[in-house]
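**Student:** My structure is below; once you've seen it, I'll send some questions.
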Amino acid sequence: MHSQQDFLRDAMHRLNLTRDRFADRLGIRRRALDTWLLPSDSSESRAMPDMVEKFVLEILRHAAQDGQGALAADSRAAQPLAERIAFEGKPQLLSVSQFDRDSLEALFQVADIMQPIARRQKVSRVLEGAVLGSLFFEASTRTRVSFGAAFCRLGGTVCDTTGFTFSSMAKGESIYDTSRVMSGYVDALVVRHPEQGSVTEFARATNIPVINAGDGPGEHPSQAILDLYTLQREFSRLGKLIDGTHVALVGDLKYGRTVHSLIRLLSLYQGLKFTLVAPSSLEMPSYLLELVARQGHVIEQTQSLETGLHGADVVYATRIQRERFNGESIEGYAPDFQVCKSLVDAVCKADTILMHPLPRDGRPGANDLSTDLNYDP
Amino acid sequence: MHSQQDFLRDAMHRLNLTRDRFADRLGIRRRALDTWLLPSDSSESRAMPDMVEKFVLEILRHAAQDGQGALAADSRAAQPLAERIAFEGKPQLLSVSQFDRDSLEALFQVADIMQPIARRQKVSRVLEGAVLGSLFFEASTRTRVSFGAAFCRLGGTVCDTTGFTFSSMAKGESIYDTSRVMSGYVDALVVRHPEQGSVTEFARATNIPVINAGDGPGEHPSQAILDLYTLQREFSRLGKLIDGTHVALVGDLKYGRTVHSLIRLLSLYQGLKFTLVAPSSLEMPSYLLELVARQGHVIEQTQSLETGLHGADVVYATRIQRERFNGESIEGYAPDFQVCKSLVDAVCKADTILMHPLPRDGRPGANDLSTDLNYDP
Amino acid sequence: MHSQQDFLRDAMHRLNLTRDRFADRLGIRRRALDTWLLPSDSSESRAMPDMVEKFVLEILRHAAQDGQGALAADSRAAQPLAERIAFEGKPQLLSVSQFDRDSLEALFQVADIMQPIARRQKVSRVLEGAVLGSLFFEASTRTRVSFGAAFCRLGGTVCDTTGFTFSSMAKGESIYDTSRVMSGYVDALVVRHPEQGSVTEFARATNIPVINAGDGPGEHPSQAILDLYTLQREFSRLGKLIDGTHVALVGDLKYGRTVHSLIRLLSLYQGLKFTLVAPSSLEMPSYLLELVARQGHVIEQTQSLETGLHGADVVYATRIQRERFNGESIEGYAPDFQVCKSLVDAVCKADTILMHPLPRDGRPGANDLSTDLNYDP
């Protein structure tokens with residue numbers, strides 16, 4: 342039931358080929374491939390000949406048999422995805438380190454399949470009767486509401502707890518007790534907590550699914566997975582591969598848990614170049630630098646936005662988490678340390694992708710992604 | 342499938358006639374009309390002759406053809422209601438100024454049809470799978486819960502965000518960003534915010550439905566629509582018309598957004614008399630006085646409750662919004678400035694309707710609607 | 342459709358007999374009874390002879406006719422449970438004093454029937470379309486989420502309001518007004534409020550179901566009912582009866598509303614012995630001591646944990662509600678006043694049941710149930 346576009350994209354993805362190399366492999370011109378990949382309601386869209394479909398299917402079959410192609414292993418994986426990414430044997434998501442490249446790609450395929458539900462083109466009530474416990478001990482709108490809305494969209498319901506004041510933990514209750522009690526009421530937990538490692542403590546006390554929605558400066562796996570998924574879809578549209586790409590990470594790289602999770606996920610791919618742009622007091626922790634370097638990626642550090650953004654395929658900007666170092670002055674983070682339209686126009690390529698996990702400090706003078714980029718595609 | 346009662350009420354309503362004038366028009370006695378209008382399970386209810394139904398239908402048909410009667414235009418309106426009241430082309434509700442008299446009456450007809458659902462006599466799951474984002478940056482119980490409960494009642498689910506502290510806006514995020522992000526998760530937004538115009542900013546950033554649940558001293562359209570709907574149903578019961586009625590508005594007319602929205606809606610009708618009763622520092626803003634006067638209504642201002650309430654068909658009392666002017670002393674608002682039973686008995690008519698948008702300050706000595714009126718019908 | 346195990350347990354329960362006495366009554370060995378009571382998937386489980394079933398059914402029939410057995414009255418009770426426990430004629434739950442022993446046991450039978458739904462072995466949508474208003478004016482996780490999750494599990498939806506700041510009561514609104522308004526929106530209310538008697542005020546203002554989820558130092562009926570239900574199921578497993586048992590209540594017996602509600606419920610049974618272990622400033626209020634004594638139970642008070650726990654069948658420990666007496670020093674509550682593993686091993690029996698309503702102060706040095714008992718069954 343897939344469209345021609347989906348079929349071709351999936352094939353390029355499984356074979357890990359760019360548009361140019363895929364066109365070469367099929368012996369066709371890149372331009373023909375481009376027209377086949379246009380949305381079917383576009384006036385320039387063309388149907389591909391039946392023979393092309395047969396050829397592609399044969400290539401895929403051989404790739405799977407030979408173990409050729411990055412995702413071939415995936416087709417043979419009889420083990421369910423939930424088990425492959427389990428945390429200590431339980432269906433819990435605490436860190437991006439639970440993923441390898443295959444299981445990550447498998448997750449993205451599930452996400453692809455669920456897109457029509459997210460867009461309300463299809464209805465699913467698969468979570469009918471299920472209750473999600475949402476425990477946010479720290480400020481959040483987007484993460485809390487996105488999990489809540491997703492759970493509701495699939496037919497479930499959500500019980501929210503926000504803040505410490507209104508919870509029993511204000512009465513001195515341990516994470517262990519809170520976790521045990523909540524798991525008696527609900528079917529799954531999404532937890533955000535200001536202390537690194539705390540969500541893992543929640544998870545170890547129970548057997549129900551627990552998702553880490555951010556544990557202080559620790560991890561934020563769902564955000565990183567989402568960012569990589571977005572990146573991959575944009576690259577698929579542009580006919581680019583994540584392998585070998587150049588990513589500039591900008592802003593507070595010391596406390597930004599999103600960047601920490603994202604760089605670990607990107608490191609699962611091959612031959613990337615990272616440019617880290619941060620003031621000296623907010624540099625990426627060295628344990629992460631070593632981890633990334635050990636996997637053979639190139640890392641460059643700079644305090645200059647112009648230098649850092651030059652030639653990047655992806656610019657990932659983040660907010661300075663002021664709440665993490667109240668009072669300290671932020672050296673090296675001058676008012677002109679801002680990703681704005683004039684800078685992007687000057688040093689970036691036409692197809693450079695700009696990303697930001699949000700929230701963004703949109704006030705004048707903030708050292709964050711400038712609002713004059715709002716209408717940039 | 343409508344009852345005889347609904348049929349007759351709707352006819353009077355469309356022709357904009359009181360019971361007396363409707364009886365005259367049909368050449369019947371008022372008493373006969375009254376018995377036909379009783380609930381069908383009442384022992385004194387009588388069935389109207391078939392001929393009456395035919396006569397009424399003919400009158401309605403001619404009224405529609407001649408453009409006679411306030412609502413005749415409505416019958417010809419091929420355009421859906423949502424489009425007629427759209428805000429900048431989008432299905433959003435930000436101000437009562439989106440309504441004219443016809444579209445307001447059309448909305449009330451929808452409300453009539455939905456009454457059995459609100460009373461749980463009928464079940465509707467029309468919002469199955471839909472998610473409402475409820476963003477309240479200011480204290481609220483009744484507005485928040487009423488929207489939430491209504492959405493749930495129709496099969497949808499709700500994701501709540503209350504207060505600034507627990508939202509990403511505490512991290513400096515702009516209204517634009519918050520609105521864009523939320524519209525990615527939910528299907529509709531209800532927003533309350535302390536600054537006038539802020540909800541319009543939310544609405545302009547997105548294409549999903551946005552409802553203004555109060556923007557500081559600005560507007561509160563849903564409350565005003567509800568108040569007018571209540572008034573109209575009570576008047577229909579009493580055989581009165583809103584045209585030509587006498588409405589006394591009492592309390593904080595300067596900051597009370599509910600009163601601001603209500604007086605604008607009432608001004609869509611003909612020949613009303615408004616008596617505005619407020620201490621000198623809390624008078625109705627002059628731009629509203631001018632707007633109402635331009636539409637040909639009579640306005641009287643007074644600081645005396647006795648004078649102001651005398652002869653009114655409707656007394657609409659409001660709370661002084663202490664949070665809007667902390668510290669300022671409130672001149673001219675003496676402890677006896679209170680709508681209480683003895684005052685109502687002394688100066689109001691037997692069928693005067695008392696209304697209050699709530700919350701009401703029920704503490705002793707508060708300058709608000711007195712609790713000794715709790716058992717007044 | 343009940344299993345053999347359910348059938349036998351229910352029979353013992355209705356006849357109010359221990360396993361030993363039930364075996365005697367049937368003329369069988371206790372060991373045979375034990376094997377019939379094992380889960381049917383246990384390798385040592387045995388099917389009981391058909392004749393036993395017939396014998397038991399006959400005993401039950403006679404017991405019902407003779408009015409013999411504690412629950413015989415229940416079988417004859419034609420009146421629905423909701424009416425038998427009504428508060429001032431309305432389906433509201435405000436105090437454990439609404440129960441007698443029969444209605445309490447009848448409620449437990451309903452709970453037994455609903456267990457498979459709570460465990461998600463069966464699905465019920467009995468509350469489809471219904472909306473619960475949850476009003477918590479005081480900190481709560483477990484009570485709020487447990488009611489919310491239960492309501493959702495049965496197909497309903499929940500509108501939460503937590504804290505005073507975000508409610509209209511911060512604007513001076515009375516309990517009366519809040520209750521009237523909320524009952525216009527929702528189908529049932531669960532209310533927690535810091536002032537004793539306040540929830541009753543909520544209930545009196547409306548006809549919809551209202552449940553007291555804790556009114557300051559007043560009552561907490563749902564917690565007490567749940568505790569007793571748990572106790573009864575454990576006793577049923579152990580073949581013990583609540584009549585004649587020995588219960589030690591430990592901790593803050595002055596302000597602990599849970600203990601207040603629980604001791605009143607336990608007093609509905611026969612011949613209990615209560616040992617109350619509390620520092621002198623936190624003793625059980627005298628009105629409760631008198632109420633319990635009047636019903637013929639034995640009460641002992643002590644400040645020594647060793648003395649108090651000795652020989653108890655049940656130890657019910659509670660947290661010291663620090664928030665109730667900020668600043669006061671707590672005399673007689675030394676750091677060694679803690680129920681810990683070494684104490685339990687020294688003075689309790691092998692089958693002593695340890696209970697705690699939670700939350701528990703799990704911080705080192707807290708005078709609460711020690712975390713070294715976490716793995717005690």
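Residue numbers (this note's numbering), protein chains in the order written: chain C, 342 to 718; chain A, 342 to 718; chain D, 342 to 718.
The C-beta atom is built at its ideal place from N, Cα and C for all residues, glycine as well.
Is the segment 525-534 of chain D close to the segment 472-486 of chain D, with three or more CB pairs under 8 Å?
**Tutor:** Segments in contact, yes.
**Student:** Please go through the segment 403-487 of chain D and give each complete beta strand (DSSP E) segment of 3 or more residues, from N-terminal end onward.
**Tutor:** Complete beta strand (DSSP E) runs here, min 3: 472-477.
**Student:** Tell me the rounded alpha-carbon separation between A/THR316 and A/SER481.
**Tutor:** Nothing about residue 316 of chain A can be reported from this structure: the residues present for chain A run from 342 to 718 only.
**Student:** So which residues on chain E does A/SER563 lean against when the C-beta distance must stay under 7 Å?
**Tutor:** Of the protein chains in this structure, namely C, A and D, none is chain E.
**Student:** Buried or exposed for A/ARG605, going by 16 or more other Cβ atoms inside 10 Å?
**Tutor:** Taking the second sequence and counting its residues from 1, the one referred to as residue 605 of chain A is at position 264. Buried is the call here.
**Student:** Which residue marks the beginning of the alpha helix (DSSP H) containing C/GLN345, and which one marks its end?
**Tutor:** Your numbering for residue 345 of chain C matches position 4 in the first sequence. Unbroken alpha helix (DSSP H) run through C/GLN345: 345-356.
**Student:** Quick one: Cα of A/MET342 to Cα of A/CYS493, how far?
**Tutor:** In the second sequence, counting from the first residue as 1, residue 342 of chain A sits at position 1. In the second sequence, counting from the first residue as 1, residue 493 of chain A sits at position 152. Its pLDDT being 43, under 50, A/MET342 is placed unreliably by the model, and the measurement read from it follows with that caveat. Near 27 Å, if we compare the C-alpha coordinates of A/CYS493 and A/MET342.
**Student:** Quick one: which unbroken alpha helix (DSSP H) runs of 4-plus residues sit fully inside the segment 602-632 of chain A? Chain order, please.
**Tutor:** DSSP runs (the alpha helix (DSSP H)) wholly in the segment 602-632 of chain A: none.
**Student:** Per the contact definition of three or more C-beta pairs closer than 8 Å, is the segment 391-401 of chain C in contact with the segment 347-360 of chain C?
**Tutor:** As far as the Cβ criterion goes, the segment 347-360 of chain C touches the segment 391-401 of chain C, which means the pair count is three or higher.
**Student:** Within 7 Å (strictly less), CB to CB, does A/VAL540 reach chain C?
**Tutor:** Within the second sequence, residue 540 of chain A is the residue found at index 199, counting from 1. No, no contact with chain C.
**Student:** For chain D, check one thing: does any of its Cβ atoms lie closer than 7 Å to the Cβ of C/GLY500?
**Tutor:** In the first sequence, counting from the first residue as 1, residue 500 of chain C sits at position 159. Reading the sequence as shown, one finds Cys at residue 500 of chain C and not Gly. Answer yes: the Cβ-Cβ gap between C/CYS500 and chain D drops below 7 Å somewhere.
**Student:** Between D/ILE661 and D/GLU385, what straight-line distance do the alpha-carbon atoms span, to the nearest angstrom?
**Tutor:** Here residue 661 of chain D is taken as the residue at index 320 of the third sequence, counted from 1. Here residue 385 of chain D is taken as the residue at index 44 of the third sequence, counted from 1. Answer to the nearest angstrom: the Cα atoms are 45 Å apart.
**Student:** At a CB-CB cut-off below 8 Å, which residues of chain C make contact with D/LEU699?
**Tutor:** Here residue 699 of chain D refers to the residue found at position 358 of the third sequence. Near D/LEU699 (Cβ distances below 8 Å), the residues of chain C are SER509, GLU514, ASP518 and VAL522.
**Student:** Would C/SER515 and D/GLY489 be called neighbours here (beta carbons separated by less than 7 Å)?
**Tutor:** As a working mapping, residue 515 of chain C is identified with position 174 in the first sequence. As a working mapping, residue 489 of chain D is identified with position 148 in the third sequence. Not in contact: C/SER515 and D/GLY489 (Cβ atoms no closer than 7 Å).
**Student:** Between D/SER520, D/TYR526 and D/ALA554, which has its C-alpha nearest D/GLU542's C-alpha?
**Tutor:** Translated into the one-based positions of the third sequence, residue 542 of chain D becomes position 201. For D/GLU542, the nearest C-alpha among the options comes from D/SER520.
**Student:** When Cβ atoms are compared, which residues of the segment 452-464 of chain A fall closer than 8 Å to chain D?
**Tutor:** Residues ARG461 and VAL464.
**Student:** Please tell me whether C/GLY454 and C/GLU575 are closer than 7 Å, where the distance is taken between their beta carbons.
**Tutor:** Residue numbering aside, residue 454 of chain C sits at position 113 when the first sequence is read from its first letter. Residue numbering aside, residue 575 of chain C sits at position 234 when the first sequence is read from its first letter. According to the sequence provided, residue 454 of chain C is Ile. The question's Gly does not apply to it. For C/ILE454 and C/GLU575, no; Cβs fall outside 7 Å.
**Student:** Can the beta-carbon of C/VAL325 be found less than 7 Å from the beta-carbon of C/VAL618?
**Tutor:** Nothing can be reported for residue 325 of chain C, as the shown portion of chain C is limited to 342 through 718.
**Student:** Since A/VAL588 meets chain C, which of its residues come closer than 7 Å, beta carbon to beta carbon?
**Tutor:** Along the second sequence, one-based indexing puts residue 588 of chain A at 247. Within chain C, no residue comes near A/VAL588; the closest Cβ sits about 41 Å away, beyond 7 Å.
**Student:** In this structure, does DSSP put D/PRO700 in helix, strand or coil?
**Tutor:** As a working mapping, residue 700 of chain D is identified with position 359 in the third sequence. The answer is coil: DSSP assigns D/PRO700 none of H, G, I, E or B.
**Student:** Indicate the three-state DSSP secondary structure (helix, strand or coil) for C/GLY525 in the structure shown.
**Tutor:** The residue labelled residue 525 of chain C in the question sits at position 184 within the first sequence. C/GLY525 falls in the helix class under three-state DSSP.
**Student:** As a quick exercise: from C/CYS689, C/TRP377, C/ALA404 and C/GLY470, pick the residue whose alpha carbon is nearest that of C/ASN357.
**Tutor:** Looking up residue 357 of chain C in the first sequence gives position 16. Residue C/ALA404 is the option with its Cα nearest to C/ASN357.
**Student:** From A/SER381 to A/SER627, what does the alpha carbon distance come to, in whole angstroms?
**Tutor:** As a working mapping, residue 381 of chain A is identified with position 40 in the second sequence. As a working mapping, residue 627 of chain A is identified with position 286 in the second sequence. Cα to Cα, A/SER381 sits roughly 48 Å from A/SER627.
**Student:** Given that a residue counts as buried once 16 or more other Cβ atoms are within 10 Å of its Cβ, and exposed if not, what is D/VAL464?
**Tutor:** In the third sequence, counting from the first residue as 1, residue 464 of chain D sits at position 123. It is exposed - the Cβ of D/VAL464 has fewer than 16 other Cβ atoms within 10 Å.
**Student:** Can you pull the chain D residues whose beta carbon is under 7 Å from the beta carbon of C/GLY474, in chain order?
**Tutor:** The residue labelled residue 474 of chain C in the question sits at position 133 within the first sequence. Result: VAL486.
**Student:** Starting from A/HIS367 and walking both ways along the alpha helix (DSSP H), at which residues does that stretch end?
**Tutor:** For the purposes of this step, residue 367 of chain A is identified with residue 26 of the second sequence, where counting begins at 1. The residue asked about is misnamed: residue 367 of chain A is Leu in this sequence, not His. 360-367 is the extent of the alpha helix (DSSP H) around A/LEU367.
**Student:** Any C-beta of chain D sitting closer than 7 Å to the C-beta of C/TYR596?
**Tutor:** The count along the first sequence starts at 1 and reaches residue 596 of chain C at position 255. Not closer than 7 Å to any Cβ of chain D, the Cβ of C/TYR596 fails to qualify, so no.
**Student:** Determine, using beta-carbon pairs with one atom in the segment 545-555 of chain C and one in the segment 627-636 of chain C, whether at least three such pairs fall under 8 Å.
**Tutor:** With a cut-off of 8 Å, the segment 627-636 of chain C and the segment 545-555 of chain C do not count as touching, because too few Cβ pairs lie within range.
**Student:** Quick one: is A/GLY489 near chain D, going by C-beta distance under 7 Å?
**Tutor:** Locating residue 489 of chain A in the second sequence gives position 148, where the first residue counts as 1. Chain D contact via Cβ: present.
**Student:** Give me, in chain order, the residues of the same chain whose beta-carbon lies closer than 7 Å to that of A/ARG460; leave out the 5 immediate sequence neighbours on both sides.
**Tutor:** Here residue 460 of chain A corresponds to residue number 119 of the second sequence, with the count starting at 1. No residues qualify anywhere along the chain.
**Student:** Leaving out five residues before and five after C/LYS614 in sequence, what residues of the same chain have Cβ atoms less than 6 Å from its Cβ?
**Tutor:** Counting from 1 along the first sequence, the entry for residue 614 of chain C is found at position 273. These residues qualify, in order along the chain: HIS587 and VAL639.
**Student:** Within the same chain, show all residues whose beta-carbon is closer than 6 Å to that of C/ARG417, passing over the 5 residues directly before and after it, in chain order.
**Tutor:** One-based indexing of the first sequence puts residue 417 of chain C at position 76. A caution first: C/ARG417 carries a pLDDT of 40, below 50, which makes its placement in the model unreliable, though a value can still be read off. Contacts found: none.
**Student:** Return yes when the Cβ of A/GLU647 is within less than 7 Å of the Cβ of A/ARG602, no when it is not.
**Tutor:** On the second sequence, residue 602 of chain A is found 261 positions in, with the first residue counted as 1. On the second sequence, residue 647 of chain A is found 306 positions in, with the first residue counted as 1. With the sequence shown as reference, residue 602 of chain A is identified as Ser, and Arg is not the correct amino acid for it. No, the Cβ-Cβ distance between A/SER602 and A/GLU647 is not below 7 Å.
**Student:** Of the residues that make up the segment 608-619 of chain C, which ones have a beta carbon closer than 8 Å to any beta carbon in chain D?
**Tutor:** If the cut-off is 8 Å between Cβ atoms, the segment 608-619 of chain C has nothing near chain D.
**Student:** So A/VAL527 contacts chain C; which residues on that side make the cut at Cβ distance below 8 Å?
**Tutor:** On the second sequence, position 186 is the one that residue 527 of chain A refers to. Those are VAL486 and ALA490, listed as they occur along chain C.
**Student:** Tell me which residues share the same chain as D/LEU495 and place their Cβ nearer than 8 Å to its Cβ, disregarding the 5 neighbours each side in the sequence.
**Tutor:** Here residue 495 of chain D is taken as the residue at index 154 of the third sequence, counted from 1. Once the five neighbours on either side are set aside, the close Cβ partners of D/LEU495 are ILE458, SER465, ARG466, VAL467 and LEU468.
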